[in-house]
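Read through the structure below, which is laid out as structure tokens, and then see the notes.
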Amino acid sequence: MVAVLDQIVAGIPEEFADAADDHHHDLYFQLAQTYFGLGIHETAIKLAKEVHQYRRSKLGADSPQTLEAASVVVGYCATVGEFEGLVQLQRECLRATIKLSDPKNTDVLAQQMLLGYVLKQTGQLQEGVRVYESLVDKLSDVSGSKNSDRDKLKRFALQNLGMAYIAIGRFVDATEVLADLTVLHELSVGKQHVEAIKTRNSLAIALRETRRLEEAEESFNSLLLDRRDILGLAHPETLTTENELSRTLFLAIKQKEAIRQLEHAYSVALKSLKQNHYTTIVIGGNLQVTM
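Our numbering applies: residue 6 is where the sequence shown begins, and numbers increase by one.
Below, the structure is given as structure tokens:
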């Protein structure tokens, strides 16, 4: 199948530059999606970028067709971790979406969410925080406790804001946001939902960093029980939680409990994940430091 696709692409370029209609560009766009679905990301991104540039030059940056191509480029690049140049492109996507729909439309808010993510991934954390704060403010009319698209978007925005606060050291703010979000998760999807688990983990870290160690220990213990129940004793995320709990115990001057926790985690990791697994190496390193 890939060989057939390559033959199709090889036969297009000469016509592509001079085509009087958009058929070749539409074909490129379809091919890009097919390549990406097959995991041939580099070719898919190259084709999608060419379509975007063509549509932008012919139709303008704010046309629906250009927005479609730009959104695909951003999505593909973000998926494979290629963020160079994405901030400007995502700003164009957001601006075009605002022009084409109501500013409070879910599509606009989703584009703003993605801008915050791209900013965060490119190290522009302060600006990313401002984008997330603005987004949460725009969703102030939504409780976040239900399962409409806007409720889900608000919970996702709060999660990203809380994690961004942690990344820039605003742990008190992170604790407030993530504590509220934990309640919303329990009301909407339950505390064992994957997003709820992620929030509870972030909250426990924020509590520890603000030296609310008793609450952090309780949070990590609860999280550890749920991860063992959902993922199993030997899952890397379960063992990582056990490692985080041990760090909290050390800060609470409970060295014996902390070492016992680490020894257990390391024993399980060695048996199940083997010696060269990243999680085993991290836990083993922490255990060695304590001995």
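Each residue gets a CB set at the ideal place from its N, CA and C atoms; glycine is no exception.
According to the Cβ coordinates, are residue i and residue j closer than 8 angstroms?
| i | j | result |
| --- | --- | --- |
| A49 | Y81 | yes |
| A298 | L228 | As shown, the chain starts at 6 and ends at 296. That puts residue 298 outside it, with no answer to give. |
| T253 | R217 | no |
| A74 | F34 | yes |
| I288 | Y271 | yes |
| Q116 | C98 | yes |
| L114 | L140 | yes |
Hey, how far is the Cα of residue i from the Cα of residue j?
| i | j | result |
| --- | --- | --- |
| E200 | E242 | 14 angstroms |
| V79 | S150 | 30 angstroms |
| S76 | V134 | 22 angstroms |
| V85 | K261 | 43 angstroms |
| K196 | Q164 | 14 angstroms |
| T215 | P69 | 46 angstroms |
| D178 | K54 | 39 angstroms |
| L192 | D185 | 11 angstroms |
| L144 | D112 | 13 angstroms |
| Y40 | L32 | 12 angstroms |
| A25 | L64 | Per-residue confidence for A25 stands at a pLDDT of 44, beneath the threshold of 50, marking its modelled position as unreliable; the derived number appears in the next sentence. C-alpha separation (whole angstroms): 14 angstroms. |
| S224 | L230 | 10 angstroms |
| G290 | I45 | 37 angstroms |
| L124 | V92 | 6 angstroms |
| T245 | V294 | 17 angstroms |
Return the chain-ordered list of same chain residues with a C-beta closer than 8 angstroms to the C-beta of residue i, the five sequence neighbours on each side being excluded.
| i | result |
| --- | --- |
| E138 | L166 |
| Y122 | A83, G133 and N165 |
| H282 | P241 and A274 |
| L236 | E242 and T243 |
| L52 | V14, Y33, F34, L36, A37 and Y40 |
Between which residues of its own chain and residue i is the CB-CB distance below 6 angstroms, once the five residues before and five after are set aside?
| i | result |
| --- | --- |
| Y59 | H30 |
| L292 | L267 and Y271 |
Any heavy atom of the ligand ATP closer than 7 angstroms to the Cβ of residue i?
| i | result |
| --- | --- |
| G237 | Inclusion of the ligand ATP in the displayed structure is not the case, the ligand content being empty and no account of it being possible. |
For residue i, which residues in the same chain have their Cβ closer than 7 angstroms to its Cβ, ignoring the five residues on either side in sequence?
| i | result |
| --- | --- |
| L130 | A169, A172 and I173 |
| L94 | A75, V78 and V79 |
Does the stretch 149-161 come into contact with the stretch 170-183, if we say contact requires no fewer than three beta-carbon pairs (one atom in each stretch) closer than 8 angstroms? no
Return the chain-ordered ranges of every alpha helix (DSSP H) run that is complete within the stretch 28-87 and spans a minimum of 4 residues. 28-42, 46-64 and 69-85
Taking the runs of the alpha helix (DSSP H) that are 4 residues or longer, which of them lie wholly in the stretch 92-141? 111-126
Alpha helix (DSSP H) runs wholly inside the stretch 166-246, at least 4 long, in chain order: 176-193, 199-214 and 218-236
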